[in-house]
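Quick notes on the structure that follows.
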Amino acid sequence: MAVRRILQADEMAVHQKAKKVKDFGPSLKALVDDMVETMRAAPGIGLAAPQIGVPLRVIVVELPQVEGEEDPQRGKLFVICNPEVVKSWGEEEGDEGCLSLPGYVGEVKRASRVTVKGQDLKGKKIRVKAQGLLARALQHEIDHLHGMLFTTRLESIDKLRRLEKAEEEAELAI
Ligand code: CO
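Dropping the structure here:
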């Protein structure tokens, strides 16, 4: 396992469309191990393979546990290959940051609940139902697979602001 360099918004590779995962062999497992380690080291709550320069449809998301909060979506590692939003409900605007654009957050409208289908590391079909921050993180990561950063989804540049305190980033960096 290794912490990999996270590509930044001004690098072309982060804007390329990722390809479908077809080989569920050991190299995929090695890629995911690196992605998880890189996400945790950043720290961030999600990462897409193109962010470390690998143009494959793989995402990882892990929301930190909050003391006293019994949210089953938290403290669980989600690894999804070939993810796709198959259902979405509602809309909510919330702050969002990105590991490829450190120091900035923007208010982005996302569906408040989604069902995402995809495959696990072995290629088995999986389905994840998510709401709130997990739903936001999944939508953000799936955008990365289309080469899209959250800045593209801002209604106007006024919705983007510079973070003042570095510690604010952790919960928002996806
Ligand atoms: Co991001």
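Note that our numbering has the sequence shown beginning at 12, numbered continuously upward.
Positions of the beta carbon are idealized from the N, C-alpha and C atoms, including for glycine.
Problem set entry | Cβ-based neighbour list, Gln84, same chain, cut-off 7 Å, excluding 5 preceding and 5 following | For Gln84, where only same-chain residues beyond five positions count, the Cβ hits under 7 Å are Leu74, Ala141, Leu145.
Exercise. Is the beta carbon of Ser111 less than 8 Å from the beta carbon of Leu149?
Worked result: No, the Cβ-Cβ distance between Ser111 and Leu149 is not below 8 Å.
For this session: Compare the Cα-Cα distances from Val14 to each of Val97, Gln62, Lys136 and report the closest residue.
Result: The shortest Cα separation from Val14 among Val97, Gln62, Lys136 belongs to Gln62.
For this session: To the nearest angstrom, report how far apart Leu183 and Leu42 are at their CA atoms.
Result: In a straight line, the C-alpha of Leu183 is about 23 Å away from that of Leu42.
Problem set entry | Where the alpha helix (DSSP H) through Ser99 begins and ends | Run containing Ser99: none in the alpha helix (DSSP H); it sits in the beta strand (DSSP E), 88 to 100.
Exercise. Looking at the structure shown, is Lys135 part of a helix, part of a strand, or coil, going by DSSP?
Worked result: Lys135 falls in the coil class under three-state DSSP.
For this session: Would you check whether the ligand CO has a heavy atom nearer than 7 Å to the C-beta of Ser167?
Result: Residue side-chain check: Ser167 keeps its Cβ at 7 Å or more from all non-hydrogen atoms of the ligand CO.
Exercise. What three-state label does DSSP hand Gln62 in the structure shown?
Worked result: Of the three classes helix, strand and coil, the one that applies to Gln62 here is helix, per DSSP.
For this session: Quick one: measure Cβ to Cβ for Phe35 and Leu132, integer angstroms, because I've assumed they're closer than 8 Å.
Result: Going by Cβ atoms, the distance from Phe35 to Leu132 rounds to 7 Å, so yes, they are a contact pair.
Problem set entry | For Ala59 and Glu152, believed in contact at Cβ under 8 Å, the rounded distance | Confirmed, Cβ separation roughly 5 Å.
Exercise. Are there 16 or more other CB atoms within 10 angstroms of the CB of Gln130, so buried, or fewer, so exposed?
Worked result: Gln130 should be labelled buried.
Exercise. Is it a yes or a no for the stretch 63 to 71 touching the stretch 101 to 115, going by three-plus beta-carbon pairs under 8 Å?
Worked result: Cβ pair count under 8 Å is below three, so no.
Exercise. According to DSSP, is Arg85 helix, strand or coil?
Worked result: DSSP places Arg85 in strand when its eight states are reduced to three.
For this session: Check each candidate in Cys92, Glu48, His26 and name the one with the smallest Cα separation from Lys33.
Result: Taking only the C-alpha atoms, the option nearest Lys33 is Cys92.
Problem set entry | DSSP bridge partner residues for Gly57 (one or two, in chain order) | According to DSSP, Gly57 bridges with Val72.
Problem set entry | Contacts around Ala29, its chain only, beta-carbon distance under 6 Å, and the 5 residues preceding and following it disregarded | Answer for Ala29: Pro61, Pro66, Leu67, Arg68, Leu156, listed in chain order.
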